[in-house]
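Worksheet: one structure, shown below.
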């Protein structure tokens, strides 16, 4: 087995350090929010996880386009790895949001555009994984995966838009604020630092996981080939 | 220049003829076997019947849920039809025959879309008056009929693409709804809301955003499906 590349080792270390610092910033450095209290600290990792989910699905859609254009299987692997990471982080995003919503909105769940969009997005990419599992031929699997990643990704903004036409209560912390939103707040400079740092950290986590996942995929393909060689040699 | 001008109309005509041939083939096969429409229709009527008991469709509930019941019925019956229509191509090796034909692959896509749309519209043309009769709800509103056509175009457009993928997978029968419903959600939502608007006689300004969304969805997904269809049927 190949030793881990130096770059990946370095990335592991950097991501680990960043994560510890981010934890410190979120839990101790950032001030306690006046109205919501400690539960507001969920916000930092909640948004960061949502960001990674969205980033992962964008990467998957772009890799889909590149794969269809070039037919290079490396892009198929990037797409699959990215979707799997995106599913995990979108789930973190949904669950952490739910934990925050319970005390602030007084409910675990509401049919708000962002909540529905995140959930539908999650379902689309679970369907993506199920589609791939149902197909044995690697070329076809890659082509279908690419097509579905593109189609699914295009429907996400339309889903958001369609539910947005109803009124929303989700806070908009960045950008314009909607007066009907519940649980919104203004970030102090310290909060902003913790928030930006969380985004950076989670982006690093995404890159690290993606690299590990790609490496795993290459290794498992190699094992698969060895197995075929061995059975062919035995016969 | 003169040559090009002469060639282009011929090609266009050929494309149109290829689409028409695929549509004709599907309609003729259906006219002789009647297995697809029959199943879709009986299924749709059963769904309406089940809703009657599940929702206690009394006079007051009817006015608010009619649009939802109709669209859920169409969506369910639609998946049945799409699966059957593409499954028949796959099982009997007809798809290979179609692919061997010296025509543009997108002609096959559009041919299947038009045929599937025809089946869906036939089912809708029967379910709507039956529903109207059974529940005494006047449904002959021109706006509603327009929404039904627009909504069906988008549904069938994406559905045909995804059904072509689903039938090539091991888990074909269960896969289509899982692939299709999360992607087609904005279309269904807009269709339900626009239908409800017309049924309740809302002002045009309240209905227009939904109709626009339907139009955008139809255009975006027909174009995307047309662009990627080659990769879905490639051997």
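Protein chains in written order, with my numbering: chain A, 3 to 237; chain B, 8 to 242. Idealized CB from N, CA, C, for every residue including glycine.
Would you please verify whether the beta carbon of residue i is less than 8 Å from any beta carbon of chain A?
i	result
residue 177 of chain B	yes
residue 197 of chain B	yes
residue 163 of chain B	no
residue 214 of chain B	no
residue 106 of chain B	no
residue 241 of chain B	yes
What is the rounded straight-line gap between the Cα of residue i and the Cα of residue j?
i	j	result
residue 60 of chain A	residue 116 of chain B	27 Å
residue 1 of chain A	residue 54 of chain A	Within the shown structure, residues of chain A are numbered from 3 to 237, placing residue 1 of chain A beyond reach of any answer.
residue 158 of chain A	residue 54 of chain B	28 Å
residue 82 of chain A	residue 68 of chain B	45 Å
residue 224 of chain A	residue 76 of chain A	14 Å
residue 42 of chain B	residue 121 of chain B	18 Å
residue 87 of chain A	residue 69 of chain A	19 Å
residue 81 of chain B	residue 51 of chain A	37 Å
Which residue wins for smallest C-alpha separation from residue i, given the options the options?
i	options	result
residue 299 of chain B	B:205, B:100, B:162, B:133	Given a span of 8 to 242 for chain B in the structure shown, any question on residue 299 of chain B remains unanswerable.
residue 131 of chain B	B:158, B:109, B:65	B:158
residue 191 of chain A	A:148, A:166, A:120, A:35	A:35
residue 167 of chain A	A:116, A:194, A:30	A:116
residue 140 of chain B	B:168, B:82, B:52, B:209	B:52
residue 7 of chain A	A:232, A:230, A:234, A:217	A:217
Return no unless some Cβ of chain B is closer than 8 Å to the Cβ of residue i.
i	result
residue 129 of chain A	yes
residue 93 of chain A	no
residue 160 of chain A	yes
residue 152 of chain A	yes
residue 136 of chain A	yes
residue 145 of chain A	yes
residue 222 of chain A	no
residue 84 of chain A	no
What three-state label does DSSP hand residue i in the structure shown?
i	result
residue 96 of chain B	helix
residue 81 of chain A	helix
residue 124 of chain B	helix
residue 35 of chain A	strand
residue 78 of chain B	helix
residue 135 of chain A	helix
residue 187 of chain A	coil
residue 94 of chain A	helix
residue 116 of chain A	helix
residue 108 of chain A	coil
residue 153 of chain B	helix
residue 121 of chain A	helix
residue 72 of chain B	helix
residue 14 of chain B	With a pLDDT of 45 at residue 14 of chain B, under the threshold of 50, the modelled position of this residue cannot be trusted, and the question is left open.
residue 63 of chain B	coil
- Query: Would you call the segment 131-146 of chain B and the segment 175-185 of chain B touching, i.e. three or more CB-CB distances under 8 Å?
  - Reply: no
- Per the contact definition of three or more C-beta pairs closer than 8 Å, is the segment 155-175 of chain B in contact with the segment 192-208 of chain B? yes
- Item | Segment contact flag, the segment 4-18 of chain A with the segment 200-214 of chain A, C-beta cutoff 8 Å, min 3 pairs | yes
- Taking one C-beta from the segment 192-211 of chain A and one from the segment 39-49 of chain A each time, how about it: are there three or more such pairs within less than 8 Å? yes
- Would you be able to state if there are at least three C-beta pairs under 8 Å between the segment 128-135 of chain A and the segment 98-108 of chain A? no
- Query: Counting Cβ pairs, one atom from each stretch, are 3 or more of them under 8 Å apart for the segment 140-156 of chain A and the segment 225-241 of chain B?
  - Reply: yes
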